[in-house]
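Engineer: Attaching a single structure in C-alpha coordinates format; questions to follow.
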Amino acid sequence: MKPGASVMAQSQARAPLWQRPARRSEIAVVHARLQTLVAELPGFTPEFRQFERQRMSKLFLTYLHSLDENYIRLCMAGDTIAGFMISGPEYGTLWQYWSALFPELREPHMPLAFMRLYIEHWDNGRFHKIANITTANNRPAIAVLKRFRFEQVAGLQRHVMGQDFVLFERPLNKTVEGYDRGLQLPRSTRLANRIRCMTGLI
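Letter by letter, the sequence shown follows residues 822 to 1023 in my numbering.
Right, here's the structure in full:
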(Lines of atoms letter the chains of each structure in order from A and count residues from 1; the text may use other names and numbers.)
(Lines give C-alpha, C1' and ligand atoms only; values in the text may rest on other atoms or scores of the structure.)
Protein backbone atom coordinates (compact mmCIF):
# COMPACT_ATOMS: atom_id res chain seq x y z
CA MET A 1 0.00 0.00 0.00
CA LYS A 2 1.33 3.43 -0.88
CA PRO A 3 2.18 5.86 1.97
CA GLY A 4 -0.95 7.71 2.99
CA ALA A 5 -3.29 5.22 1.31
CA SER A 6 -4.58 3.93 4.64
CA VAL A 7 -5.25 7.48 5.81
CA MET A 8 -7.07 8.18 2.54
CA ALA A 9 -9.25 5.11 2.96
CA GLN A 10 -10.13 6.07 6.53
CA SER A 11 -11.02 9.57 5.38
CA GLN A 12 -13.27 8.19 2.65
CA ALA A 13 -14.95 5.86 5.18
CA ARG A 14 -15.96 8.93 7.19
CA ALA A 15 -17.33 10.62 4.09
CA PRO A 16 -21.06 10.21 3.35
CA LEU A 17 -21.87 7.30 1.05
CA TRP A 18 -24.33 7.95 -1.75
CA GLN A 19 -25.04 7.04 -5.36
CA ARG A 20 -25.70 8.96 -8.52
CA PRO A 21 -25.99 8.20 -12.23
CA ALA A 22 -22.75 8.33 -14.18
CA ARG A 23 -22.15 11.23 -16.53
CA ARG A 24 -21.34 10.42 -20.12
CA SER A 25 -17.81 11.71 -19.59
CA GLU A 26 -17.33 9.16 -16.78
CA ILE A 27 -18.13 6.09 -18.88
CA ALA A 28 -14.48 5.74 -19.88
CA VAL A 29 -13.44 5.55 -16.22
CA VAL A 30 -16.04 2.88 -15.47
CA HIS A 31 -15.01 0.93 -18.56
CA ALA A 32 -11.32 0.99 -17.67
CA ARG A 33 -11.91 -0.14 -14.09
CA LEU A 34 -14.33 -2.86 -15.21
CA GLN A 35 -11.84 -4.21 -17.73
CA THR A 36 -9.21 -4.44 -14.99
CA LEU A 37 -11.68 -6.13 -12.64
CA VAL A 38 -12.60 -8.83 -15.15
CA ALA A 39 -8.93 -9.44 -15.93
CA GLU A 40 -7.87 -9.78 -12.30
CA LEU A 41 -10.86 -11.20 -10.39
CA PRO A 42 -10.11 -14.81 -9.38
CA GLY A 43 -12.29 -17.74 -10.41
CA PHE A 44 -12.75 -17.03 -14.12
CA THR A 45 -11.38 -19.06 -17.00
CA PRO A 46 -9.30 -17.24 -19.64
CA GLU A 47 -12.07 -17.83 -22.19
CA PHE A 48 -14.69 -16.23 -19.97
CA ARG A 49 -12.45 -13.25 -19.20
CA GLN A 50 -12.00 -12.56 -22.89
CA PHE A 51 -15.71 -12.98 -23.58
CA GLU A 52 -16.80 -10.68 -20.75
CA ARG A 53 -14.25 -7.98 -21.54
CA GLN A 54 -15.53 -7.91 -25.12
CA ARG A 55 -19.17 -7.93 -24.02
CA MET A 56 -18.73 -5.08 -21.56
CA SER A 57 -17.25 -2.76 -24.15
CA LYS A 58 -17.28 1.01 -23.98
CA LEU A 59 -19.89 0.98 -26.73
CA PHE A 60 -22.15 -1.33 -24.71
CA LEU A 61 -21.84 0.86 -21.62
CA THR A 62 -22.65 3.91 -23.72
CA TYR A 63 -25.66 2.01 -25.04
CA LEU A 64 -26.91 1.33 -21.50
CA HIS A 65 -26.33 4.94 -20.51
CA SER A 66 -28.37 6.14 -23.49
CA LEU A 67 -31.29 3.97 -22.36
CA ASP A 68 -31.17 5.34 -18.82
CA GLU A 69 -28.18 7.01 -17.19
CA ASN A 70 -29.08 5.20 -13.95
CA TYR A 71 -28.12 1.88 -15.50
CA ILE A 72 -24.58 2.96 -14.61
CA ARG A 73 -24.74 4.17 -11.02
CA LEU A 74 -21.62 5.46 -9.30
CA CYS A 75 -20.87 4.62 -5.67
CA MET A 76 -19.67 7.82 -4.07
CA ALA A 77 -17.69 8.41 -0.88
CA GLY A 78 -18.07 12.12 -0.43
CA ASP A 79 -16.96 13.61 -3.76
CA THR A 80 -14.84 10.58 -4.74
CA ILE A 81 -15.96 7.77 -7.03
CA ALA A 82 -15.49 4.59 -4.97
CA GLY A 83 -17.11 2.11 -7.35
CA PHE A 84 -20.02 1.44 -9.68
CA MET A 85 -23.10 -0.75 -10.23
CA ILE A 86 -24.10 -1.62 -13.80
CA SER A 87 -27.58 -2.85 -14.73
CA GLY A 88 -29.80 -3.42 -17.72
CA PRO A 89 -33.52 -3.99 -18.40
CA GLU A 90 -35.23 -7.06 -19.77
CA TYR A 91 -39.01 -6.79 -20.07
CA GLY A 92 -39.78 -6.13 -16.42
CA THR A 93 -36.63 -7.63 -14.91
CA LEU A 94 -33.65 -5.50 -13.90
CA TRP A 95 -30.43 -7.44 -14.43
CA GLN A 96 -27.52 -6.48 -12.20
CA TYR A 97 -24.56 -7.07 -14.51
CA TRP A 98 -21.60 -5.92 -12.43
CA SER A 99 -20.89 -4.14 -9.18
CA ALA A 100 -17.46 -3.19 -7.92
CA LEU A 101 -15.72 -1.11 -5.30
CA PHE A 102 -12.24 0.22 -5.99
CA PRO A 103 -9.75 -1.69 -3.81
CA GLU A 104 -7.88 1.42 -2.72
CA LEU A 105 -11.10 2.94 -1.31
CA ARG A 106 -13.04 -0.12 -0.23
CA GLU A 107 -14.10 -0.36 3.42
CA PRO A 108 -15.94 -3.27 5.11
CA HIS A 109 -19.23 -1.39 5.49
CA MET A 110 -19.42 -0.24 1.86
CA PRO A 111 -20.89 -3.32 0.09
CA LEU A 112 -23.98 -3.36 2.30
CA ALA A 113 -24.40 0.41 2.23
CA PHE A 114 -24.22 0.66 -1.55
CA MET A 115 -26.47 -2.35 -2.15
CA ARG A 116 -29.05 -0.73 0.13
CA LEU A 117 -28.86 2.52 -1.87
CA TYR A 118 -29.10 0.58 -5.14
CA ILE A 119 -32.27 -1.24 -4.07
CA GLU A 120 -33.82 1.95 -2.70
CA HIS A 121 -33.35 3.64 -6.06
CA TRP A 122 -34.67 0.80 -8.20
CA ASP A 123 -37.67 -0.04 -6.03
CA ASN A 124 -39.44 2.68 -7.96
CA GLY A 125 -42.32 0.76 -9.54
CA ARG A 126 -40.66 0.01 -12.90
CA PHE A 127 -39.57 -3.60 -12.41
CA HIS A 128 -40.91 -6.86 -10.99
CA LYS A 129 -37.55 -8.00 -9.69
CA ILE A 130 -33.76 -7.66 -9.67
CA ALA A 131 -31.82 -10.63 -11.07
CA ASN A 132 -28.16 -11.39 -10.47
CA ILE A 133 -25.96 -14.20 -11.76
CA THR A 134 -22.70 -14.79 -9.95
CA THR A 135 -20.11 -17.54 -9.88
CA ALA A 136 -20.92 -20.35 -7.48
CA ASN A 137 -17.73 -19.72 -5.48
CA ASN A 138 -18.19 -15.95 -5.05
CA ARG A 139 -18.97 -16.16 -1.34
CA PRO A 140 -18.68 -12.42 -0.52
CA ALA A 141 -21.18 -11.47 -3.25
CA ILE A 142 -23.56 -14.27 -2.27
CA ALA A 143 -23.47 -13.16 1.38
CA VAL A 144 -24.45 -9.61 0.39
CA LEU A 145 -27.25 -10.84 -1.87
CA LYS A 146 -28.71 -13.04 0.86
CA ARG A 147 -28.51 -10.17 3.34
CA PHE A 148 -30.87 -8.19 1.10
CA ARG A 149 -33.43 -10.97 0.59
CA PHE A 150 -32.18 -12.20 -2.75
CA GLU A 151 -33.26 -15.81 -3.16
CA GLN A 152 -31.23 -18.41 -5.02
CA VAL A 153 -33.62 -19.72 -7.65
CA ALA A 154 -31.29 -21.84 -9.79
CA GLY A 155 -27.90 -23.44 -9.92
CA LEU A 156 -26.45 -23.19 -13.42
CA GLN A 157 -23.83 -25.87 -13.96
CA ARG A 158 -21.32 -25.38 -16.77
CA HIS A 159 -23.50 -22.44 -17.78
CA VAL A 160 -21.06 -20.15 -19.59
CA MET A 161 -17.89 -21.65 -21.04
CA GLY A 162 -17.94 -24.50 -18.56
CA GLN A 163 -18.24 -22.37 -15.42
CA ASP A 164 -20.82 -22.86 -12.68
CA PHE A 165 -23.07 -19.94 -11.78
CA VAL A 166 -25.99 -19.33 -9.44
CA LEU A 167 -29.04 -17.18 -10.19
CA PHE A 168 -30.42 -14.91 -7.47
CA GLU A 169 -33.59 -12.84 -7.61
CA ARG A 170 -35.16 -10.21 -5.36
CA PRO A 171 -38.78 -9.11 -5.82
CA LEU A 172 -39.68 -5.47 -6.34
CA ASN A 173 -43.11 -3.83 -6.41
CA LYS A 174 -43.99 -2.98 -10.01
CA THR A 175 -46.68 -0.31 -10.16
CA VAL A 176 -45.90 1.52 -13.42
CA GLU A 177 -47.92 0.30 -16.37
CA GLY A 178 -46.17 -1.14 -19.40
CA TYR A 179 -42.77 -2.70 -19.91
CA ASP A 180 -39.37 -1.65 -21.12
CA ARG A 181 -38.33 -2.88 -24.54
CA GLY A 182 -35.13 -4.50 -23.36
CA LEU A 183 -31.83 -3.37 -24.85
CA GLN A 184 -33.29 -1.48 -27.78
CA LEU A 185 -32.32 1.97 -28.99
CA PRO A 186 -33.26 3.90 -32.13
CA ARG A 187 -30.81 3.31 -34.97
CA SER A 188 -29.78 6.97 -34.99
CA THR A 189 -28.82 6.82 -31.30
CA ARG A 190 -26.84 3.61 -31.81
CA LEU A 191 -24.95 5.21 -34.70
CA ALA A 192 -24.23 8.36 -32.69
CA ASN A 193 -22.87 6.30 -29.80
CA ARG A 194 -20.63 4.30 -32.11
CA ILE A 195 -19.21 7.50 -33.61
CA ARG A 196 -18.55 8.95 -30.14
CA CYS A 197 -16.62 5.82 -29.13
CA MET A 198 -14.65 5.68 -32.38
CA THR A 199 -13.65 9.35 -32.18
CA GLY A 200 -12.75 9.29 -28.50
CA LEU A 201 -15.60 11.56 -27.40
CA ILE A 202 -16.41 9.07 -24.64
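From the three backbone atoms N, C-alpha and C, an ideal C-beta is built for every residue, glycine too.
#1: Suppose you measure from the CA of arginine 841 to the CA of phenylalanine 869; what does that come to, to the nearest Å?
#2: Whose C-beta lies closer than 8 Å to the C-beta of threonine 955 among residues of the same chain, with five residues either side of it excluded?
#3: Among all the DSSP beta bridges, which residues are the ones paired with glutamine 917?
#4: Please confirm if the segment 998–1006 is in contact with the segment 910–920, defined as three or more CB-CB distances below 8 Å between the two stretches.
#5: Could you check how far apart the C-beta atoms of methionine 931 and alanine 903 are, in whole angstroms? I think they sit under 8 Å.
#6: Which residue wins for smallest C-alpha separation from glycine 864, given the options His852, Leu938, Val981?
#7: Distance, Cα to Cα, glutamine 978 vs alanine 849?
#8: Please classify valine 851: does DSSP put it in a helix, a strand, or coil?
#9: When you measure from the CB of threonine 901 to every non-hydrogen atom of the ligand GDP, does any distance come out below 8 Å?
#10: Quick check: the segment 881–892 against the segment 920–935, are at least 3 beta-carbon pairs closer than 8 Å?
#11: Give the secondary structure of proline 992 by DSSP, where H, G and I count as helix, E and B as strand, and everything else as coil.
Structural biologist: So, from the listed chains and residues:
#1: Numbered from its first residue, the sequence shown carries residue 841 at position 20. Numbered from its first residue, the sequence shown carries residue 869 at position 48. Approximately 30 Å, taken between the alpha carbons.
#2: The sequence position of residue 955 within the sequence shown is 134, counting from 1. Contacts found: Ala962, Ile963, Leu966, Phe986, Val987, Phe989.
#3: Position 96 of the sequence shown holds residue 917. According to DSSP, which records beta bridges pairwise, glutamine 917 is partnered with Ser908.
#4: By the Cβ rule, the segment 998–1006 counts as touching the segment 910–920, because three or more pairs are nearer than 8 Å.
#5: Locating residue 931 in the sequence shown gives position 110, counting from the first residue. Locating residue 903 in the sequence shown gives position 82, counting from the first residue. Methionine 931 to alanine 903, Cβ: 7 Å. Contact.
#6: Taking the sequence shown and counting its residues from 1, the one referred to as residue 864 is at position 43. Closest by alpha carbon: Val981.
#7: Position 157 of the sequence shown, counting from 1, holds the residue named residue 978. Position 28 of the sequence shown, counting from 1, holds the residue named residue 849. Approximately 33 Å, taken between the alpha carbons.
#8: Taking the sequence shown and counting its residues from 1, one reaches residue 851 at position 30. Taken through DSSP and simplified to helix, strand or coil, valine 851 comes out as helix.
#9: By its list of ligands, the structure shown contains no ligand whatsoever, and the ligand GDP lies outside what it can speak to.
#10: no
#11: Position 171 of the sequence shown holds residue 992. DSSP places proline 992 within a strand segment (E or B) once states are collapsed to three.
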